[in-house]
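Single-structure report; data block below.
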Amino acid sequence: MPRRLPVLVVAGIIGLAAVLLLPLLSPSLVTLLALILAKGIVVLGIIILLQAGQVSFGHAMFFGAGAYAVAFYGRYVGTGDMLLYLLFGAVSGGVLGLVVGLFVVRYREIFFGMLNLAFSMVLWSLLEKMFHYTNGADGIRVARPTIAGMAFTPEGFSYALLYLTFAIAVAALFIVQRYLESPLGHMLRAIKSNETRLEYLGVSARRVLLVGYVVSAVLGGLGGSLVAAIQQIATPEFAYWTKSGEFVFIAILGGAGHALGAFAGATVFEFVRFYASAQLADAWQMILGGVLIVIILLAPAGLIGLLARHRGAEPPRAA
Amino acid sequence: MNATIAVLAALDGISYAALVFLVSVGLSLIFGVMRIVNVAHGSLYAYGAYAAATIGLAVAPISPWLTYPGLLIAAIGVGAVIGGFLERFLLRLVYGRDEALQLLITFAVFMILDNLQRVIWGVQPIFAAVPLQLLPNISVLGVGYTSYQTLLLPGVAILTLVGLRYFLRRTLAGAVILAVTEDREAATAIGIDPHRVFLTTFILGAVLAALGGALASPTTSLLPGIGTDMIVLSFAVAATAGLGQIEGAAVAALMIGLARALAIYTYPEFEVLVPYLIMVVVLLLRPQGLFGTARMRRI
Amino acid sequence: MPQVLLSARGLVIRFGGVIAADGVDLDIVEGEHLAIIGPNGAGKTTFLNMATGYLKPQAGRVEFLGEDITAHSPRTITRLGIARAFQIPQLFLDHTVIESLLIAAASRAGRLTTMRNLHALPERDEMVRLLALVGADDVAERKAIVLPEGKRKLVDIAMALALRPKLVLMDEPTSGVASSEKFAIMDVLVAALDAQGVTSVFVEHDMEVVERYADRVAVWSAGRIQTSGPPAEVLKDPTVVSQVIGI
Chain A
7 MPRRLPVLVV AGIIGLAAVL LLPLLSPSLV TLLALILAKG IVVLGIIILL
57 QAGQVSFGHA MFFGAGAYAV AFYGRYVGTG DMLLYLLFGA VSGGVLGLVV
107 GLFVVRYREI FFGMLNLAFS MVLWSLLEKM FHYTNGADGI RVARPTIAGM
157 AFTPEGFSYA LLYLTFAIAV AALFIVQRYL ESPLGHMLRA IKSNETRLEY
207 LGVSARRVLL VGYVVSAVLG GLGGSLVAAI QQIATPEFAY WTKSGEFVFI
257 AILGGAGHAL GAFAGATVFE FVRFYASAQL ADAWQMILGG VLIVIILLAP
307 AGLIGLLARH RGAEPPRAA
Chain B
411 MNATIAVLAA LDGISYAALV FLVSVGLSLI FGVMRIVNVA HGSLYAYGAY
461 AAATIGLAVA PISPWLTYPG LLIAAIGVGA VIGGFLERFL LRLVYGRDEA
511 LQLLITFAVF MILDNLQRVI WGVQPIFAAV PLQLLPNISV LGVGYTSYQT
561 LLLPGVAILT LVGLRYFLRR TLAGAVILAV TEDREAATAI GIDPHRVFLT
611 TFILGAVLAA LGGALASPTT SLLPGIGTDM IVLSFAVAAT AGLGQIEGAA
661 VAALMIGLAR ALAIYTYPEF EVLVPYLIMV VVLLLRPQGL FGTARMRRI
Chain C
4 MPQVLLSARG LVIRFGGVIA ADGVDLDIVE GEHLAIIGPN GAGKTTFLNM
54 ATGYLKPQAG RVEFLGEDIT AHSPRTITRL GIARAFQIPQ LFLDHTVIES
104 LLIAAASRAG RLTTMRNLHA LPERDEMVRL LALVGADDVA ERKAIVLPEG
154 KRKLVDIAMA LALRPKLVLM DEPTSGVASS EKFAIMDVLV AALDAQGVTS
204 VFVEHDMEVV ERYADRVAVW SAGRIQTSGP PAEVLKDPTV VSQVIGI
């Protein structure tokens with residue numbers, strides 16, 4: 007356990023350095039880095055659920071909810087402030103998470119996964135087809151908000167948003183790590199190893215899972231609001247099943263045993279997509295698919311697991 | 411909602427259900443026997459469609475009637491080759507691993523195949539409607555419709571259903587498959603090689619998915635994304651019926667197909683919503699599906 | 004008159020053609036250490052399952068301190084003050100021993116909303132002492148999955164005791180423990196239970212353990228409690244000897 011604190015600090019320093027220095031090399035990286043951090047926040051939620059041994063194949067619904075909360079505000083009220091958007095993102099994710107969670111925490115394994123998928127597809131189909139409200143498949147544009155009351159030039163905005171996203175990612179990582187090391191976090195992991203025993207200790211596994219579920223939903227909504235601001239658009243695809251699959255993919259790629267896996271996976275995923283799209287035209291999906299297969303076959307504890315093994319430490323539990 | 415609309419909706423629903431059934435039953439069969447959710451099933455459907463279109467466009471100038479065997483060849487070719495390759499060289503490496511990891515591997519395969527599909531066939535719509543246009547239109551209760559969609563598609567679906575039932579219940583190979591489904595360990599103990607069974611089952615499921623795609627290709631223009639939509643829809647049907655249920659998949663496909671068609675003619679915004687809403691409601695009330703047996707333990 | 008803690012009346016449960024319980028009547032009195040003996044596979048564990056809400060009997064009722072708990076869940080029954088140690092130890096394989104006990108302590112103390120590290124709980128010292136009591140403090144930092152069978156048993160019992168229950172139900176507490184250590188462990192265990200006024204019921208096959216530590220012995224046979232009484236009497240009863248102890 008004490009071993010982990012230096013790791014997080016080291017990771018934080020590397021992250022800070024990357025965020026401050028990489029854009030000096032190539033300004034196009036500003037948006038990419040922000041996207042990586044935002045997606046990493048969402049995948050933190052997936053990793054929380056994986057601690058309980060459950061895989062959600064519908065997490066995109068919270069991502070989409072957060073993004074559209076921002077988009078709807080912009081469309082029906084007016085452009086707001088990023089801090090307000092973040093609040094909307096987190097709250098819409100949390101409320102949806104509570105409502106759906108009350109139903110899904112009664113199920114486990116494939117049934118849990120299927121029910122989550124079903125709910126997310128319901129949301130997607132509403133976003134896709136309720137044209138009058140959602141603009142359908144084209145999505146809703148999101149105008150540049152102010153950040154903490156300050157207006158920015160387009161270029162300044164992307165830098166400011168990057169730093170804000172970094173701060174949120176660090177905060178989220180810190181909070182999630184503390185949560186996982188608290189009694190509730192350990193009980194969440196106990197669901198995976200022996201749920202019956204947990205019940206025989208007087209703990210409601212459902213309630214423990216619900217807390218984890220709502221936390222992960224808040225993270226999903228938060229990430230969604232960030233991505234909507236970064237890409238300046240919210241589309242129904244944010245809630246589609248392939249997006250949910252992408253989040254699970256990133257979790258496994260990075261390593262589902264440790265919260266840092268979310269960001270490690272997002273980094274590799276987005277960098278490959280970015281450079282493969284640029285250089286190899288349309289082959290990034292094939293490359294990433296191949297990478298995932300290799301990881302599953304040879305390194306199921308993900309990149310973090312590989313790193314831990316390399317350092318001689320015991321790799322965190324795989325999914 | 412007048413009578414013509416009702417008949418149109420019913421015919422739409424039935425022909426659509428026939429296609430969805432073919433894909434879902436393969437998915438269900440694979441899950442029932444191997445406990446793997448095959449996300450690449452949608453790619454098999456898409457490849458079956460594209461292959462059928464390619465063959466069809468090539469042979470139609472020679473004789474339009476050749477497009478029919480072309481459909482069959484596309485289905486069997488895609489199913490046997492891709493399905494066989496997948497099972498033999500990839501899935502076999504992850505048996506016994508966590509079910510979520512097995513699913514993720516099929517998701518990775520889907521990503522690769524989806525990309526490859528765009529590389530091979532491009533992103534422009536492909537239209538190969540000869541098999542549909544060749545057959546006459548018929549009149550059902552005063553409403554005109556293609557006999558391809560009203561007779562051939564449901565016909566193939568029914569034949570498949572009956573054939574599967576016969577195969578599973580009346581043949582030795584089918585009995586072996588059922589044995590492995592019911593109790594893999596016991597079946598291994600009496601000398602059944604589960605790997606042979608898995609290969610056969612996976613190819614069978616893959617061929618059915620490709621057949622669904624091949625038969626669908628004359629009815630629509632082929633675009634990237636048809637596989638992506640179909641996998642989640644067929645999964646909704648299979649889960650609603652209960653994963654592993656063969657006859658149940660037919661009922662669920664019909665139910666969802668008709669409900670969707672009804673929505674198209676009444677409240678079109680809800681067309682896509684209907685299957686997933688049904689899935690949510692059914693899974694909440696009966697997580698094992700309409701026809702599944704309750705195996706799940708709930709605390 | 005010592006209070007009746009748990010009382011079972013007319014419990015019946017059948018699995019297909021097998022009658023696991025055929026009208027079980029049993030009173031468990033406060034402060035006693037009751038041993039339940041009987042042939043293997045006769046339904047004793049099923050009885051514990053019914054008493055703790057894991058299985059619902061098809062007929063009959065279970066009462067705890069006068070309250071009907073027949074339909075309650077294991078979680079509710081645990082919170083009422085009944086703890087259970089299992090025949091096959093039920094552990095959190097991915098957690099260390101001390102972490103598992105701390106989870107139990109956190110549940111007991113209601114420490115669910117805190118963001119403090121599990122290891123910083125005030126109950127930590129108490130759990131370390133509890134581990135020492137049952138003889139498992141040497142494996143406190145090991146993950147449960149690497150423990151040998153005997154240690155697993157002890158950890159399982161410790162987890163039940165961590166809840167500070169009024170009544171603890173133990174299913175074969177000394178099986179898997181080396182016979183040279185059985186008495187040592189039972190000495191300490193029973194002394195600790197007495198010190199805290201915890202009532203115990205243990206299903207046991209080792210008649211020496213039964214003889215030494217049980218205040219009362221209940222004989223399970225053919226799906227019901229056939230007789231009960233002090234060990235000296237019951238263990239010498241010829242029908243008991245032939246039916247249960249079996250020579």
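Protein chains in written order, with this note's numbering: chain A, 7 to 325; chain B, 411 to 709; chain C, 4 to 250. A virtual CB, placed ideally from N, CA and C, is assigned to each residue, including glycine. Predicted model, so just to flag it, every value in this text is computed and none were measured.
Asked                                                                                                                               : Found
Nearest-angstrom Cα separation, counted from C:L51 out to C:S231                                                                    : 17 Å
Per DSSP, the bridge partner or partners of C:R87                                                                                   : C:L172
Members of the region 133 to 155 of chain A that neighbour chain B once the beta carbon cut-off is set at 9 Å                       : E134, K135, M136, F137 and H138
C:A59 (DSSP reduced to helix, strand or coil)                                                                                       : The sequence as given places Lys at residue 59 of chain C; Ala does not occur at that position. Note: C:K59 maps to coil in three-state DSSP.
C:G69 beta carbon less than 7 Å from that of C:K169                                                                                 : no
CB contact flag (C:D71, C:R82, <7 Å)                                                                                                : no
Helix, strand or coil at B:G554 [DSSP, three-state]                                                                                 : strand
Candidates B:P474, B:A419 and B:Y505: closest to B:F608 by CA position                                                              : B:Y505
Amino acids of chain A, ordered along the chain, whose beta-carbon sits closer than 9 Å to that of C:R78                            : L204, E205, Y206, L207, G208, V209, S210 and A211
Contact check, A:A71 vs A:G99, beta carbons under 7 Å                                                                               : yes
Closer than 7 Å at the beta carbon, the chain A residues around B:Y686                                                              : A124, M127, V128 and S131
As assigned by DSSP and simplified to three states, the class of C:V206                                                             : strand
Residue range of the unbroken beta strand (DSSP E) whose run includes C:V222                                                        : R219 to S224
Assigned secondary structure, A:K198 (DSSP; H/G/I helix, E/B strand, else coil)                                                     : helix
Same chain, Cβ closer than 6 Å to A:L216, neighbours up to 5 away in sequence not counted                                           : G107 and V111
C:Q229 (DSSP reduced to helix, strand or coil)                                                                                      : strand
Contact set for C:V213: own chain, Cβ-Cβ below 8 Å, skip 5 residues either direction                                                : A38, I40, E207, V220, P234 and L238
Local Cβ density within 10 Å of B:N412, reported as buried at 16 or more and exposed below that                                     : exposed
Beta carbon proximity, B:I709 to chain A, threshold 7 Å                                                                             : Its pLDDT being 27, under 50, B:I709 is placed unreliably in this model, and the value from its coordinates should be taken loosely. Chain A, which has a Cβ nearer than 7 Å to the Cβ of B:I709, makes this yes.
Proximal residues of chain A, C-beta to C-beta of C:A62 below 7 Å                                                                   : The contacting residues do not exist; C:A62 stays about 25 Å from chain A at best.
Validate contact between the region 632 to 651 of chain B and the region 528 to 548 of chain B using beta carbons, cut 8 Å, 3 pairs : yes
Buried versus exposed, by CB contacts within 10 Å (16 or more), C:F18                                                               : exposed
Within 7 Å of chain B by C-beta, residues of the region 281 to 296 of chain A in sequence order                                     : D288, A289, Q291, M292, L294, G295 and G296
Cutoff 7 Å: A:H264 Cβ touching any chain C Cβ                                                                                       : no
Min CB distance A:M120 to chain B below 7 Å                                                                                         : yes
C-beta atoms of C:I16 and C:P60 nearer than 7 Å                                                                                     : yes
Within chain B, partners of A:T248 - CB distance below 8 Å                                                                          : T638
Simplified DSSP state of C:D30, which is helix, strand or coil                                                                      : strand
CB contact flag (C:L133, C:A161, <7 Å)                                                                                              : yes
Cβ-based contacts, 8 Å cut-off: residues of the region 111 to 145 of chain C near chain A                                           : R111, R114, L115, T116, T117, M118, R119, N120, L121, H122 and L124
In DSSP terms, what C:I39 is bridged to                                                                                             : C:V206 and C:A221
Test item: CB-CB of A:G51 and A:S222 under 7 Å                                                                                      : yes
When B:A620, B:Q655, B:S627 and B:A450 are compared against A:G251, the one with the closest alpha-carbon                           : B:A450
Interface flag, A:E187 vs chain C, CB-CB below 7 Å                                                                                  : yes
Same chain, Cβ closer than 8 Å to A:P29, five either side skipped, listed in chain order                                            : L35, V36, L39, Y165 and L168
Cβ contact (3+ pairs, closer than 8 Å) linking the region 482 to 502 of chain B and the region 454 to 462 of chain B                : yes
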